[in-house]
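Notes to accompany the following structure.
Numbering (the UniProt record's numbering), first residue to last: 1 to 404.
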C-alpha cells in the first residue's frame, strides 16, 4: 500500500487577502505599495489582519518587475579565497540589507573567462547595478555596465577605459606607509614581493609607490620580486633561492658579531644582501650601484655591520596571499622565531597575521564594501552624475616581525 503524499499548503495570493479583508485587490495592492493615505484606517486594519492570518508573502520580484525595479544587484568577485574579498563582502551584504537590495554573488576564481561569462549572465538577470572586483576584464568586456549601461562601482581595481565610480584602499599611501616604516626601523634591503601586476591596478600602484620611496632616498636598496602563486614549481624554486641566500647571509653575519663601540655582542643573523629570484626581480635602486656594496649605516652600528657589507633585510608582501606563502615557508624552515632572521610586512590584515606576529597595513574592508553599495544605490536612483573615487586610508599595525 502506497503512502499518501501530503500536499504542501497553497500560498496565499493577493486575491485571498482581498476576499479575507472584504475589499478589492486594488486596495490591497495600494496597501502593499505604501499608498496608505488613500485608505481609511479601518480598511488598513482589515487588510493588515488578513495578511497576518493568511501569512501572505508578496512576490517581491514580480512587484519589482511591474515597477521596472527588481532590487537585485550583482557582485563580481575575483577571488573569494582571499580574506580581503570575504571582508569586503560582509560590508556589501550589510549595506544591501539596509538599503533593501538582494545580492547575486559571482565568483570568478581568478579566471578571466569566468569573469566575462558572469558579466554576460548578470545582464540577462536584469540586475539594477553591478559591483566589480575585477581580475582581468577589459573595457570591451565591461561595455554593458558603467557609463551608458548598467550602473557599476569598481572595488579596489580600476579598469582602463571604463568610466565608473571606484571605492578602495588608497594604495599609493599604503605602500608609502609600509616602506617608510621599514626604513625608519633601519632595514636597508627591502624586497617588495607581489603577484603579477601588469593588469591589476592596485598592485601596480603599490609597486610604483614602493619604488618611488626607495628612489627618493640614498641609504637603502629595494627590489621588486614577482611571485606567481598559481605556479607551484616557480614558487618552490623562488623559496629555495631565498633559503640559499639567507643561509649565506647568516654565514657572513657570523663574522661581524662584535660592536666596536660598546664591546657587546650584536645579533646580526637577520642581515645580508638577498639575491632573490634573479629572473623575476626588478632592481629599484639607482643604476650603477654595485650589487654587494654596502649602502648607508645600520642605526646603532656605525663601525661594524654596514662597514663590512652586512645588511638588514625585510620582505614587504603586497597582499595577504603573498604574505601567507612567505610566512608559511619561513616558519617551516626556521621555526616560530623566524622574525629574528628576517622581517615581514604585509598589506592586508587577516586574522592569522596577529597570531604569526606579522606587521600589517589593515584595510578598511567592511567600509569599502558598504560604501560601494551606497555609491551604487545613488547611481541607480540617479542621485549622482559625476564619477567619483573614494580612497580610504590604511592603518599600520606594528607587530614582532618588524620590531627588532
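For each residue, glycine too, the CB sits at the ideal point set by N, CA and C.
Taking C-beta atoms as the reference points, residue 372 and residue 348 fail to come closer than 8 angstroms. Counted as a single uninterrupted DSSP element, the alpha helix (DSSP H) harbouring residue 114 occupies residues 112–124. Straight through space, the alpha carbons of residue 56 and residue 35 are spaced by roughly 18 angstroms.
For residue 18, the CB contacts under 6 angstroms within the same chain, skipping 5 residues up- and downstream, are 24, 25 and 28 in chain order. Bridge pairing for residue 74: 104 and 130 [DSSP].
Residue 361 is not a Cβ neighbour of residue 392, given a cutoff of 8 angstroms.
Of the candidates 30, 14 and 33, 14 places its Cα closest to the Cα of residue 53.
Runs of alpha helix (DSSP H) with 4 or more residues, each lying fully within the UniProt domain "HTH lacI-type" (12–67), are found at 14–21, 25–32, 41–54 and 60–66, listed in chain order. Residue 42 and residue 100 have their C-alpha atoms some 29 angstroms from each other. Nearest C-alpha to residue 72 among 87, 91 and 97: 97.
DSSP places residue 403 in the coil class of the three-state scheme, outside both helix and strand. A check of alpha carbon separations from residue 76 across 207, 191 and 109 identifies 109 as the nearest. Per DSSP, the beta bridge partners of residue 362 are 395. Taking 8 angstroms as the cut-off, the beta carbon of residue 210 is found no closer than this to the beta carbon of residue 203. Three or more Cβ pairs drawn from the region 165–174 and the region 386–403 lie within less than 8 angstroms of each other, which places the two stretches in contact. Sequence-distant partners of residue 20 (beyond 5 residues in either direction) whose C-beta falls short of 7 angstroms from its own C-beta, in its chain, are 50, 53 and 54. Contact check between the region 182–197 and the region 153–163: fewer than three CB pairs, one atom from each, fall below 8 angstroms, which does not count as touching. With fewer than 16 neighbouring CB atoms inside 10 Å of its own CB, residue 48 falls in the exposed class. Ranked by how close their Cα comes to the Cα of residue 104, the residues 89, 112, 111 and 113 have 89 in first place.
Rounded to the nearest whole angstrom, the CA to CA distance from residue 345 to residue 359 is 5 angstroms. Shown here, residue 168 sits in a strand according to DSSP, grouped into three states. In the DSSP assignment, residue 347 falls within the unbroken beta strand (DSSP E) covering 343–347. In the DSSP assignment, residue 316 falls within the beta strand (DSSP E) that extends over 313–317. The three-state secondary structure of residue 213, taken from DSSP, is helix.
The criterion of a C-beta distance shorter than 8 angstroms is not satisfied by residue 129 and residue 397. Residue 154 sits in a strand when the DSSP states are folded into three classes.
Non-local beta-carbon contacts of residue 58 in its own chain, meaning distances under 6 angstroms to residues more than five positions away in sequence, involve 32 in chain order.
The beta-carbon distance between residue 343 and residue 326, rounded to whole angstroms, is 11 angstroms. This is too long to meet the 8 angstroms contact definition. In this chain, residue 338 is not harboured by any alpha helix (DSSP H), its DSSP state being neither H nor E.
Taking every protein chain shown into account, the CB of residue 375 has 16 or more other CB atoms within 10 angstroms, so this residue is buried.
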